[in-house]
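Data first, discussion second: the structure below is written as structure tokens.
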Amino acid sequence: MKIVFATGNGGKLREAREILGRGFELVTPADMGITEEIPETGNSLTANSRQKAEYIWNKCGCNCFSDDSGLEVDILGGAPGVHTARYAGDDKDFNKNIDLLLQNIAIREMEASMAASYGISLKKLGRRARFRCVVTLILDGEKHYFEGTLEGKIAHTRSGNGGFGYDPVFIPDEYPDKTLSEISEDEKNAISHRGKALRAMAEWLAASQEASQA
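Each residue of the sequence shown is one higher than the last, beginning at 7 in our numbering.
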């Protein structure tokens, strides 16, 4: 099945191709002549995911899907969330994003420590965090949604050279002594939030195709 993945991120595209396998021919918006930046102005992951998929569908009428993913850190009240890619500015510089993330967590931890010194007990949230992904598939004009999450915590410093985005500071529960940047691509795909959402989509597509052929 030929399907457009509404992304210009090479890491995401490679991950999606490996997860979906040979039954899918993934192409990019650029392959379809869509070179402008796809808008994502929603106030939630679902809204952004839907907006990007609708943009591709309205442009070319092609079967397509889009994802929007966010990092939710408990001690930051769920931030950066929908602002994950632009946490430190519109240039989507993840080095700056990570710097700001670690800085803000350290500030909150210091505030909690100071409160404790005055006998004020704050809810202990530690560094618990999760990646959440929402995939919107538009197939023959109909929208379908799939979600995946990856639970873990935020490290104190960067570690590892692999992956992309916040991977150098995210420690998944499945690998408690490693960041996502320190595990292999196959290991990451097996547990990632996007991988879970994409596998759910692939399973749904396979079931739909079987049903239509029955």
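A virtual CB, placed ideally from N, CA and C, is assigned to each residue, including glycine. The model shown is predicted, which means the values in this text are computed figures rather than measured ones.
Here the alpha carbons of Ile40 and Ala53 stand approximately 21 Å from one another. Annotation: the region 95-169 contains the following complete segments of the beta strand (DSSP E) (minimum length 3 residues), in chain order: 134-145, 148-160.
Setting aside the 5 residues that flank it on each side, Val33 is surrounded in the same chain by Val10, each with a C-beta closer than 6 Å to its C-beta; the list follows chain order. Its chain contains Gln57, Lys58, Tyr61 as the residues whose beta carbon lies nearer than 8 Å to that of Pro45, once the 5 sequence neighbours on both sides are disregarded; these appear in chain order.
In the structure shown, the three-state DSSP call for Lys65 is helix. Spatial neighbours of Ser218 in its own chain (CB-CB distance under 8 Å, excluding positions within 5 residues in sequence) are not present.
Just so you know, the alpha carbons of Arg28 and Glu42 end up roughly 28 Å apart. In the structure shown, the three-state DSSP call for Gly17 is helix. Rounded to the nearest angstrom, the Cβ distance from Ile81 to Val175 is 14 Å, too far for a contact under 8 Å. Distance from the CA of Ile197 to the CA of Lys149, rounded to the nearest whole angstrom, comes to 25 Å. When only Cα atoms are considered, Ala161 and Ile113 end up about 15 Å apart.
The beta carbon of Gly201 sits closer than 6 Å to those of Ile25, Asn195, all from its chain and outside the five residues before and after it, given in chain order. Put simply, the backbone Cα of Lys102 is about 16 Å away from that of Gly87. Under the criterion of beta carbons closer than 8 Å, Ala135 and Leu77 qualify as touching, at roughly 6 Å.
Contact annotation: Phe137 and His89 have beta-carbon atoms that are not nearer than 7 Å.
Here Met7 is exposed, its C-beta having fewer than 16 other C-beta atoms within 10 Å. Annotation: Asp192 to Lys184 spans about 15 Å, alpha carbon to alpha carbon.
Under DSSP, Gly76 takes part in a beta bridge, and its partners are Arg138. Approximately 5 Å separates the beta-carbon atoms of Leu145 and Asn69; this is inside 8 Å, confirming the contact. In the three-state reduction of the DSSP assignment, Glu43 falls in the coil class.
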